[in-house]
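Okay, structure first, notes after.
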Amino acid sequence: MSEKEKTSQPESIMVHEDVGEFHFSRRTVYSALLPVAFVTGLAAGYLFWGRDTVPPANPAAPVAVVEETAPGSPEQPTRFEISTDDDPSLGPEDAPITIVEFSDFRCPYCSVFHVETFDDLMAQYPDQIHFVYRDFPVVGGFEAALAAECADEQGAFWEFHNLLFSGEYPNLDRDAFAAYAEKLDLDVQDLLACVDEERYSDEVEADARYASGLGITGTPTFFINGLPMVGAQPLEAFIQVIEYELGE
52 MSEKEKTSQP
62 ESIMVHEDVG
72 EFHFSRRTVY
82 SALLPVAFVT
92 GLAAGYLFWG
102 RDTVPPANPA
112 APVAVVEETA
122 PGSPEQPTRF
132 EISTDDDPSL
142 GPEDAPITIV
152 EFSDFRCPYC
162 SVFHVETFDD
172 LMAQYPDQIH
182 FVYRDFPVVG
192 GFEAALAAEC
202 ADEQGAFWEF
212 HNLLFSGEYP
222 NLDRDAFAAY
232 AEKLDLDVQD
242 LLACVDEERY
252 SDEVEADARY
262 ASGLGITGTP
272 TFFINGLPMV
282 GAQPLEAFIQ
292 VIEYELGE
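Add 51 to a position in the sequence shown, counting from 1, and you land on the number used in our numbering.
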């Protein structure tokens, strides 16, 4: 993954935790994309998420942001160059909108997004969004990420992904993986063996290193055409940004 992000930062950001109010305009529509400032990377010792160590990151609560723009200053937000790698995706690759999510199957706010917003978002823009899921297991979801990759090997990543976020088995342990694999008519023993041997650990860890290198410190974190949005934002926040991007 050789693509590098742009490192310029917004000079001032005001964060408001009440997400019930949005005051978007053409001038400030991108302000919801910058709930937290990105740092320049995390300590090198925190590389094996969900195992022996956990990086200093937390699930990202939904927040809304209003950023004032000084008269005469440029209105363009920071746009990052984000690699989609070869990670699981939905929607046409040449869609005008690419959303890359860095997520953790144990993250409660990630679950909120996928249960309450994800399906509606994809239904609203069936041919206009290329959605890419990348792993950043900062709250103990390393094994679940492995299990999802193993399900992908059997052609069922998104179905397994949906079950992992469903909350039916909150512990997301071997029993959960076996139950979900059986529900999807997958080869249960092969999936469990795949998890046990950590067949896709390099893939999960590579995603996590990449996210850490971007300075991501919370999940879920999204990049909409390279524009960062943090937290389980409501559907309306995504629509505002997508419509603006489509109108450009």
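All C-beta atoms in this analysis are idealised placements derived from N, C-alpha and C, irrespective of residue type, glycine included.
Between the C-alpha atoms of residue i and residue j, what's the straight-line distance to the nearest angstrom?
{"i": "Y176", "j": "N276", "result": "15 Å"}
{"i": "I180", "j": "L243", "result": "32 Å"}
{"i": "D136", "j": "A198", "result": "19 Å"}
{"i": "F208", "j": "Y295", "result": "31 Å"}
{"i": "D186", "j": "T149", "result": "17 Å"}
{"i": "G206", "j": "L237", "result": "9 Å"}
{"i": "M173", "j": "E167", "result": "12 Å"}
{"i": "N222", "j": "V189", "result": "15 Å"}
{"i": "S263", "j": "T272", "result": "12 Å"}
{"i": "E200", "j": "Y251", "result": "7 Å"}
{"i": "L297", "j": "A227", "result": "40 Å"}
{"i": "I290", "j": "Q284", "result": "10 Å"}
{"i": "A229", "j": "D138", "result": "23 Å"}
{"i": "S217", "j": "A232", "result": "14 Å"}
{"i": "D224", "j": "G191", "result": "11 Å"}
{"i": "Q240", "j": "G282", "result": "35 Å"}
{"i": "R130", "j": "P143", "result": "22 Å"}
{"i": "V161", "j": "E299", "result": "Correcting the residue type first, residue 161 is Cys in the shown sequence and not Val. The alpha-carbon atoms of C161 and E299 are separated by roughly 29 Å."}
{"i": "I293", "j": "P147", "result": "9 Å"}
{"i": "Y261", "j": "E132", "result": "12 Å"}
{"i": "F211", "j": "A288", "result": "27 Å"}
{"i": "E248", "j": "A259", "result": "19 Å"}
{"i": "F274", "j": "D253", "result": "23 Å"}
{"i": "L278", "j": "S134", "result": "13 Å"}
{"i": "Y350", "j": "P128", "result": "Outside the shown range of the chain, which is 52 to 299, sits residue 350, and nothing can be said about it."}
{"i": "V163", "j": "D145", "result": "28 Å"}
{"i": "Y220", "j": "F193", "result": "16 Å"}
{"i": "H165", "j": "M280", "result": "15 Å"}
Would you please state the rounded distance, in angstroms, between the beta carbons of residue i and residue j? I believe it to be under 8 Å.
{"i": "C158", "j": "E204", "result": "Not confirmed; about 23 Å, so no contact."}
{"i": "D171", "j": "L286", "result": "5 Å"}
{"i": "V255", "j": "A202", "result": "Not quite, the Cβ-Cβ distance comes to about 13 Å (not below 8 Å), so this is no contact."}
{"i": "K234", "j": "L214", "result": "7 Å"}
{"i": "F182", "j": "S140", "result": "6 Å"}
Identify every residue that forms a DSSP beta bridge with residue i.
{"i": "E152", "result": "Y184 and F273"}
{"i": "L278", "result": "I275"}
{"i": "S140", "result": "V183"}
Under 8 Å from any heavy atom of the ligand HEM, does the C-beta of residue i make it?
{"i": "Q291", "result": "Ligands displayed in this structure: none; no statement on the ligand HEM is therefore possible."}
Taking Cβ positions only, does residue i come closer than 9 Å to chain B?
{"i": "S252", "result": "The displayed structure is made up of one protein chain only, and chain B is not part of it."}
- request: Within the stretch 187-270, note down every full alpha helix (DSSP H) run reaching 4 residues or more, in order along the chain.
  value: 193-204, 208-215, 225-234, 239-247 and 252-265
query: How do the stretch 267-276 and the stretch 149-167 stand: do at least 3 beta-carbon pairs fall below 8 Å, yes or no?
result: yes
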